[in-house]
Amino acid sequence: MKIYNKLLILAFVFGLSSCGDDFLDLSPSNALPFDTAIQTVNDLEAAVNGVYSQLQHNNWYGRYFVLLPDIMSDDVKQNSQANRGRVWAEFTGTINDVQNIPTNTWSTIYTGINRANLVINANIEVPAAVQANANQLIGEAYALRALGHFDLVRMFAQHYGFTAGGSHPGVPVITEFDQDAEPARNSVAEVYAQVKADLTQAISLMTINRGLGRFSKNAAKALLARVNYYQGDLATAAALATEVINSGDFSMTASDNYLSQWADIGYSPDAILDVSQTPLDNIGSDALGGMYNASGYGDYLPSLDLVDVIDDADLRKQLFVVDSKIGGGIFGDLRQAKYPSNKGEDNTPVIRLPEMYLIRAQARATAGDSAGAITDLMTVRRRAWADAPDVTATGAALLAEIAKEKRIELMFEGHRLFELTNAKQGVTRVNCTAPAGSCVINYPNDFFILPIPIEEINTNPSMTQNPGY
18 MKIYNKLLIL AFVFGLSSCG DDFLDLSPSN ALPFDTAIQT VNDLEAAVNG
68 VYSQLQHNNW YGRYFVLLPD IMSDDVKQNS QANRGRVWAE FTGTINDVQN
118 IPTNTWSTIY TGINRANLVI NANIEVPAAV QANANQLIGE AYALRALGHF
168 DLVRMFAQHY GFTAGGSHPG VPVITEFDQD AEPARNSVAE VYAQVKADLT
218 QAISLMTINR GLGRFSKNAA KALLARVNYY QGDLATAAAL ATEVINSGDF
268 SMTASDNYLS QWADIGYSPD AILDVSQTPL DNIGSDALGG MYNASGYGDY
318 LPSLDLVDVI DDADLRKQLF VVDSKIGGGI FGDLRQAKYP SNKGEDNTPV
368 IRLPEMYLIR AQARATAGDS AGAITDLMTV RRRAWADAPD VTATGAALLA
418 EIAKEKRIEL MFEGHRLFEL TNAKQGVTRV NCTAPAGSCV INYPNDFFIL
468 PIPIEEINTN PSMTQNPGY
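Position in the sequence shown (from 1) plus 17 gives the number in the numbering used here.
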């Protein structure tokens, strides 16, 4: 992170005097010493708000972190004029990406991590009357730091099962700020260990539910369930998913509200954790919806392969809208409708309740509990498709049904490439609109992940590049 020292110094000294929802302009680097930056619970609040503000950035949950894993998969295809992110969709990206997506994603997330570190390492004493509030905020900072490391290791390192025990290079684990540091890459296993430790600490600290745009104890458990799922510990993932399901904090959105919930500006249906976006947070043309919508850039379209696996009676088939101007043929005439706003006014889902049911379904099916797995699967499916026929499959066929359901329910939410690589599967694009060499990408592949930014390589002698770049 040496190249970003000046950026990170500024990130540490933002205006801590406000505890509002909006992140303030950064103060000069000499405005507030690191060791006195946080003195009160209000300071903690302002600092934590700064981390949430970073999640809104177009290089994190505002656009690219959600967009890239889908445009690099079989769920999304390029429109004829696709530009933004195109080299990654075509698996031809290099360290000299002119749009600086790897560099900007890397620096954006590490800035968020270091903002969380400011809170975690503040070590302040507060009156007993506000100790629970302080613990909650520090717990949220731990959860946010975990999310940052987990997102980085998925984007810049091969999945956990790529080597035995996740021994291959991951990303640097940063738990305190050192402007002279030249960190090397921790192994993927070490990154996962830190993520799990941070989430465990977060769960132990948080006791207050501050809304769906903020981490809560059960939102941290949901993220920990996902982490264990990707690590291959399905039993632990299922146990955590069950705790979240049974907590009573979240519920499945009723069928008659499911589509309108996506269309309205507000929280995503079944939300456990959303990145909150409001008109005041407007990121304009940088928004995720603008990458898909005809009134935005319109660079990307749903693949016909994805559309075809959804039954016509399934409500989720209505999450596509016709655009006759696309041109037909392999491009089709459909666009996604999960994110109708081009200005970033749609909240971005980070974790939703159906994922917990489907993680548990996969764990149950793998353990031989077909009946339990089918119950979880149908809980998700029949909310959107009331007359869906009973599933009677077992074994591999049941696991395939669960994977299909997850693909449909979580489409355009930034999961698909990670799901494929986690299952050691490649990408096969039907009605492919990319160049011929980008229509079938076999597993394993060096280019399922982004390169370490060239600026980091050039300024940090401890850093190593990903193979192929």
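Yeah, the Cβ is synthetic: ideal placement off N, Cα and C, and Gly gets one too.
Only residues of its own chain outside the window of five on either side were considered, and among them R352 and A354 have a CB closer than 6 Å to the CB of V338, listed in chain order.
The continuous alpha helix (DSSP H) containing L72 extends over residues V58 to L72. Around the Cβ of V115, a 10 Å sphere holds fewer than 16 other Cβ atoms; the residue is exposed. A check of alpha carbon separations from K423 across L370, A453, G443 and T122 identifies L370 as the nearest.
Per DSSP, A206 has no beta-bridge partner at all. Only buried fits D316, as 16 or more other CB atoms lie within 10 angstroms of its CB. In the structure shown, the three-state DSSP call for A139 is coil. Residues F108, G443 and V444 of the same chain have their beta carbon placed closer than 7 Å to that of I458, with the five preceding and five following residues left out of the count. Proximity to I220 across D363, A236 and A210 peaks at A236, based on C-alpha coordinates.
Between L135 and I191 a beta carbon distance of about 12 Å is seen, past the 8 Å cut, so the two are scored as non-contacting.
Apart from the 5 residues on each side of it in sequence, I466 sits with its Cβ closer than 7 Å to the Cβ of M172, F173, A174, Q175 and N483 in its chain, given in chain order. Considering only I225, N203, L332 and Y309, the residue with the shortest C-alpha distance to T270 is L332. By alpha-carbon distance to L240, the top candidate from Y177, D287 and F167 is F167. Per DSSP, T180 lies in no alpha helix (DSSP H) segment and is marked neither H nor E. Linking L318 to R433 through their CA atoms gives a straight-line distance of about 15 Å. Residue range S272 to A280 is occupied by the alpha helix (DSSP H) that includes Q278. If you look at L321, you'll find it in the alpha helix (DSSP H) that goes L321 to D325. For D393, the enclosing alpha helix (DSSP H) has its first and last residue at S387 to A401.
By the beta-carbon neighbour count (other beta carbons within 10 angstroms, threshold 16), G306 is buried. Taking C-beta atoms as the reference points, V68 and L161 count as a pair closer than 8 Å. The Cβ atoms of A206 and S184 sit closer than 8 Å to each other. Distances from the alpha-carbon of I376 to those of E362, Y127, T253 and F82 put T253 closest. Residue state for K342 is assigned as coil, using DSSP reduced to three classes. When the five nearest sequence neighbours on each side are left out, the beta carbons in the same chain lying within less than 8 Å of the beta carbon of S312 are those of N359, in order along the chain.
In this structure, the alpha-carbon of Y284 lies about 15 Å from that of D266. The beta carbon of A401 is closer than 6 Å to those of D331, L332 and R333 in its chain, skipping five residues each way along the sequence. In this model, S479 and R202 are separated by some 8 Å (Cα to Cα).
Distances from the CA of G412 to each of Q218, A382 and M428 were compared; the closest alpha carbon is that of A382. In this chain, the alpha helix (DSSP H) harbouring A151 covers Q148 to F173. Taking the C-beta atoms as reference points, M373 is found no nearer than 8 Å to R101. One Cα belongs to C456, the other to V447, and the distance between them is close to 8 Å.
C-alpha of G129 to C-alpha of I112: approximately 23 Å in a straight line.
For A252, the uninterrupted alpha helix (DSSP H) segment begins and ends at L251 to N263. Under the three-state reduction of DSSP output, Q98 falls in the coil class, being neither helix nor strand.
With contacts defined by Cβ atoms closer than 8 Å, V408 and I425 do not form a contacting pair.
In the three-state reduction of the DSSP assignment, V188 falls in the coil class.
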